[in-house]
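Peer 1: Protein chains in written order, with this note's numbering: chain A, 1 to 587; chain B, 588 to 1230.
Listed below in structure tokens is the structure:
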């Protein structure tokens, strides 16, 4: 015996975690300050493995932070800034109370501010880390840049967000790194590949926001504070990597042109400059005026076998990507005033197209509607009065679908007043067994280079349907066969029963020989059945734990199949209804 | 005078009195005080000589005033002087003056308010200065007060009480290459960091123009609306718009962003290992059933004839005959190969259990019904065997009359009709008998009378000496079934939750097996004697290896419903279990002679054929003694043979 008695919860996981309230007390911060600190420093609660142990035997719901994290916060210089700010507010209140306006002014001038540079560096030690986490920052900045001056947040924040997002878009245009776009009911999703990282962000449609009351804008503002800093540094680095001037400047030869047009519209020079930048129609100035971009070419290394294949695949992919980057090269677009100008201009410029719009829509238009060299006129209204002959009048979805398909799709489906084909999400990658919408199959065929006329397709579809019907019939027959087998057995049993009854009643049996039927044994099927039975028996012998896991996996698989089947059935019903409607119309 | 002129400028109302004084020289010297102070006196003040000025004797009343107003043409220019108490009639000049003042004009008629302006300070440089005063000294030296103020500010700045105005940076220059030098010192902290999962990317559902199959049908929509927002699979309703122009703003955009923010800083994070296993890998690799043949695979014969559920079946040691006892009160003897019912004995009560004597040299059958155990001699063998069994039964006849009258158990000979049917002996028990079991040698017989309250639950009878004894003096629980060890003098007793093994020679308990199940239904002992299986009503089958432990070596949960019967094959490494779900599962259970190797258990076949009646499926199962065949009896009044 002997020794000290061990006390509970004095070692192990109980000492590694700390509850939120205790953490707050330790840091001597108010709840809003603590929240702000957590947001800025990226400290989040952890879910302990054994909650009861950590909670010292209690099962009350609590959020736990890692004690290490909280200790780390203790040394944060920004905590001092928070305190300074608190003092500033107190002084200001006092000065107001005493109506000492000069003191108020002086205090206001010296309002304490803080920088988040070191936090950014600490949270994202390498640039790639920062890029990996920039999705949320972009989404937030794009959202804030669409806010009106409603007092929900500082005007400076909105302006800064606007500036940063414009810089970002300009970078994406210049580096041509946009990969996918998607028009959803929420907003427009963009996906760009920057330095090997896939970055996705969503931009809301351009409407004024109906600000909800149950949203705490202070939290959002704190996040935005961090995100703007992050995005600024990222932009700087990205611009540097492309030898672009930061803050961005328009290319000097391109700059002169738009300046003449509307010098008087804007009171401030800087404002008009930002507007011009955000028009996205001009290219940016470079630090070193480089000539044409060098084509990145893969060096060939002597490789064997698998590596060779991989290499080839990579080369192919690279080529495809290169082709996608030049998708709209040589095309000249004109945007009608009802289409989303910013989004379309961004996408078209990202893929090398030229774009312009009406002068009254926005600053920065480069050519007029009357220009004869325009190839595509993007328009989103049922009809137009005056049409030029030598250009396509297409609906905006064409641009988005082309980008996702990585080829120029046939324009016929997107003409004025035509019912558009469905717009598919480019982010869905169908695995084996998943449901693939027929439109996707069509696009995939186009990508492979198979050109199928519409009529042909229809015929094919009909054929397919016929085949399907046949198959169904076959299946039915199979089922019938099974049933017949069963029926035979049942009939035999019945016969036997009858005989038994007759015998038991003492009647003499009718002796009758019926010609036997040859049973055709399907070897493959038998084998399959055998295998299935073997598997069933093996499953019976599984351990309880494994069985549970197995059942769970199988359940998930089955659900997936069920969902796919449901979608397919729905589609079929819809197509049938459409066809019936068509037939009726023909009659 | 000075005072008067002062008042003249300040208050036009006192102008009149001053003027008046100039004319009559009646001046009140009390000064400018309220007249009310002299209200109670006969006088209203003092003149210059210090004499009292008396009030007029009679005050004018309203009537006087009115009359005056009507009659006196001067009334309108008469003013009452309160200080002297006299009426004054204003002259024309005075009236004119009053009018001018009322109009806001200057009192002096000759005053010209619009004199031409003389510009003292003009753009023209004058030859002569306006003033020729020399400049003050203080305009040359720094101000002292200012100096004091400045020094105060400087001191405040020095002490840090006051901060000089900050230079506002425009934000353009505040970004720089932050990642110019990447030091690894910060990286160390990042080991515990769990990056937040990214927002899942949108699928086809979210498109503004999705394929038609992704839109909700009416039912789906109704379901979506009914569901709690947390349970919904999609947080939004898919919509279709015919053109981009018609797409409205998404009302929950800010909400979603906000929720993401909350998730980022409030949501506890935990690293969860994702199991990425191929489900096929989880299935154990067992030897193929094909390689484990022979075992019964198909249903080949059905024995029909009973009208009630067949509770128990037993095969003769030769393997030619099958006996079955049913609830319809009959025991039937079937020829195994032809499924013919050779003989039927009406015993007059629901048969609970039948057991064929395992000794091949005799042909006897024990039947349990109600509280009686019958010994039948079905005479279904060659003469030699029948004779030997007769001899066995008659041997005790000579040494008749059981010496030890156990009291509760009565042996009696069958007579008359019963004798003709083949019933030879009747053993009357005090309680209802549920099971009878023979010892391997065929002389001893055990019967079970489950009863929770007494120690009289098991009897062991000796046929040759017609003797019965109760081996247990204490109640150890509700006995379900019993069994003899095939080789050694052991006796297995299964109670509700455990199996006890008794050594009959030493008369002590050797082992107690814990079945880990709720209620044991049946038990079978391996012909080697080292393994026991027991089925239970909670769908389990447990295999005990007596050499290993008292806990089951393996629990098999193959059945969906209660297990009713279990059986071992005498020669082949097979065992079968029958269950209420209508199936008989045959398993291969190899037992190795090598003690180091554990038994290998592989299910090889699921046999179906019995029809469920009254929620009961298969009630008993037994193997053929020599062939790999299995018999099963069911609640559908049939017995089936699977070969």
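In this text, a Cβ means the ideal position worked out from N, Cα and C, and glycines have one as well.
Within the same chain, show all residues whose beta-carbon is closer than 6 Å to that of residue 416(A), passing over the 5 residues directly before and after it, in chain order.
Peer 2: Hits under 6 Å: 393.
Peer 1: For residue 694(B), I'd like the list of residues in its chain whose CB is within less than 8 Å of its CB, leaving aside the five on either flank, ordered along the chain.
Peer 2: These residues qualify, in order along the chain: 684, 687 and 688.
Peer 1: Given a cut-off of 8 Å, decide if residue 1010(B) and residue 1035(B) are closer than it, judged by their beta-carbon atoms.
Peer 2: No, they are not a contact pair.
Peer 1: Any chance the region 148-157 of chain A sits against the region 798-817 of chain B, with 3 or more Cβ pairs inside 8 Å?
Peer 2: At 8 Å Cβ cutoff, the stretches do not touch.
Peer 1: When you compare the CB of residue 196(A) with every CB in chain B, is at least one pair closer than 8 Å?
Peer 2: Residue 196(A) does not count as touching chain B.
Peer 1: Mind checking which residues open and close the beta strand (DSSP E) that includes residue 549(B)?
Peer 2: The structure shown does not extend to residue 549(B), since chain B is modelled only from 588 to 1230, so the question has no answer here.
Peer 1: For residue 105(A), which of helix, strand or coil comes out of DSSP?
Peer 2: The answer is helix: DSSP assigns residue 105(A) an H, G or I state.
Peer 1: Just how far apart, CA to CA, sit residue 531(B) and residue 1153(B)?
Peer 2: Within the shown structure, residues of chain B are numbered from 588 to 1230, placing residue 531(B) beyond reach of any answer.
Peer 1: In chain order, which continuous runs of the alpha helix (DSSP H) of length 4 or greater are located wholly inside the region 1035-1115 of chain B?
Peer 2: As far as the region 1035-1115 of chain B is concerned, it has no whole alpha helix (DSSP H) run of at least 4 residues.
Peer 1: Does the region 863-870 of chain B come within contact of the region 535-552 of chain A, defined as at least 3 CB pairs closer than 8 Å?
Peer 2: The answer is yes - the region 535-552 of chain A touches the region 863-870 of chain B, with three or more Cβ pairs under 8 Å.
Peer 1: Residue 790(B) touches chain A at which residues, Cβ-Cβ below 8 Å?
Peer 2: The answer, in chain order, is 425, 427 and 428.
Peer 1: Please name the residue or residues paired with residue 674(B) in a DSSP beta bridge.
Peer 2: In the DSSP output, where bridge partners are listed per residue, residue 674(B) has 667(B).
Peer 1: Taking the beta carbon of residue 746(B) as the centre, do at least 16 other beta carbons fall within 10 Å, making it buried, or is it exposed?
Peer 2: Classification for residue 746(B): exposed.
Peer 1: Can you tell me which of the three DSSP states residue 1216(B) falls into?
Peer 2: Three-state result, residue 1216(B): coil.
Peer 1: Report the neighbours of residue 1162(B) on chain A: residues whose CB is nearer than 7 Å to its CB, in chain order.
Peer 2: What residue 1162(B) touches in chain A: nothing, since even the nearest Cβ is about 14 Å away.
Peer 1: For the region 858-911 of chain B, which segments carrying the beta strand (DSSP E) assignment without a break, of at least 3 residues, lie completely within its bounds, in sequence order?
Peer 2: Fully enclosed beta strand (DSSP E) runs of 3 or longer: 886-891 and 897-902.
Peer 1: Going by beta carbon distance, what residues of the same chain come within less than 6 Å of residue 275(A), once the five residues before and after it are set aside?
Peer 2: Counting only Cβ-Cβ distances below 6 Å, and skipping sequence neighbours, we find 363.
Peer 1: Nearest CA to the CA of residue 66(A): which residue from 14(A), 117(A), 554(A) and 247(A)?
Peer 2: The shortest C-alpha separation from residue 66(A) is found at 14(A).
Peer 1: Rounded to whole angstroms, what's the CA-CA distance from residue 577(A) to residue 149(A)? Just pull it up for me.
Peer 2: Residue 577(A) and residue 149(A): Cα-Cα distance of roughly 50 Å.
Peer 1: Can you check DSSP and say which residues form a bridge with residue 639(B)?
Peer 2: Bridge partners of residue 639(B): 633(B).
Peer 1: Whose C-alpha, out of 1212(B), 977(B) and 848(B), is nearest the C-alpha of residue 38(A)?
Peer 2: Nearest option by C-alpha distance: 848(B).
Peer 1: Tell me residue 426(A)'s beta-bridge partners as DSSP assigns them.
Peer 2: Residue 426(A) is not bridged to any residue.
Peer 1: Quick check on this structure: which residue in 543(A), 566(A), 169(A) and 101(A) has the alpha carbon closest to the alpha carbon of residue 1144(B)?
Peer 2: Of 543(A), 566(A), 169(A) and 101(A), the residue nearest in Cα terms is 543(A).
Peer 1: Can you check which of these residues, 663(B), 1040(B), 672(B) and 784(B), is closest to residue 681(B) by C-alpha distance?
Peer 2: Nearest of 663(B), 1040(B), 672(B) and 784(B) to residue 681(B), Cα basis: 663(B).
Peer 1: With a threshold of 8 Å between beta-carbons, can residue 30(A) be considered close to chain B, or not?
Peer 2: Taking Cβ atoms only, chain B never reaches closer than 8 Å to residue 30(A), which makes this a no.
Peer 1: Classify residue 145(A) as helix, strand or coil using the three-state DSSP reduction.
Peer 2: Residue 145(A): helix per DSSP, three-state reduction.
Peer 1: Could you check whether the Cβ of residue 264(A) sits closer than 8 Å to any Cβ belonging to chain B?
Peer 2: Because residue 264(A) carries a pLDDT of 48, less than 50, the predicted location of this residue cannot be relied on, and no value is offered for it.
Peer 1: Would you list the residues sitting across from residue 1013(B) in a DSSP beta bridge?
Peer 2: 961(B) and 999(B), per the DSSP bridge assignment.
Peer 1: Going by DSSP, which residues form a beta bridge with residue 204(A)?
Peer 2: DSSP output for residue 204(A) lists 187(A) as bridge partner(s).
Peer 1: State the DSSP-derived secondary structure class of residue 559(A), mapped to helix, strand or coil.
Peer 2: Looking at residue 559(A) - three-state DSSP - the assignment turns out to be helix.
Peer 1: Which one or two residues does DSSP pair with residue 920(B) in a beta bridge?
Peer 2: Beta-bridge pairing links residue 920(B) to 910(B) and 930(B).
Peer 1: Do the region 108-117 of chain A and the region 83-91 of chain A make contact, defined as three or more Cβ pairs closer than 8 Å?
Peer 2: These segments touch.
Peer 1: Pull up the distance between the alpha-carbon of residue 1094(B) and that of residue 1179(B), whole angstroms please.
Peer 2: Rounded to whole angstroms, residue 1094(B) to residue 1179(B) spans 30 Å at the Cα level.
Peer 1: Counting pairs of Cβ atoms below 8 Å between the region 734-744 of chain B and the region 208-219 of chain A, do you hit three or more?
Peer 2: Because the criterion of three Cβ pairs below 8 Å is not met, the region 734-744 of chain B and the region 208-219 of chain A do not touch.
Peer 1: Any beta-carbon of chain A closer than 8 Å to the one on residue 1183(B)?
Peer 2: Not one chain A Cβ lies under 8 Å of residue 1183(B).
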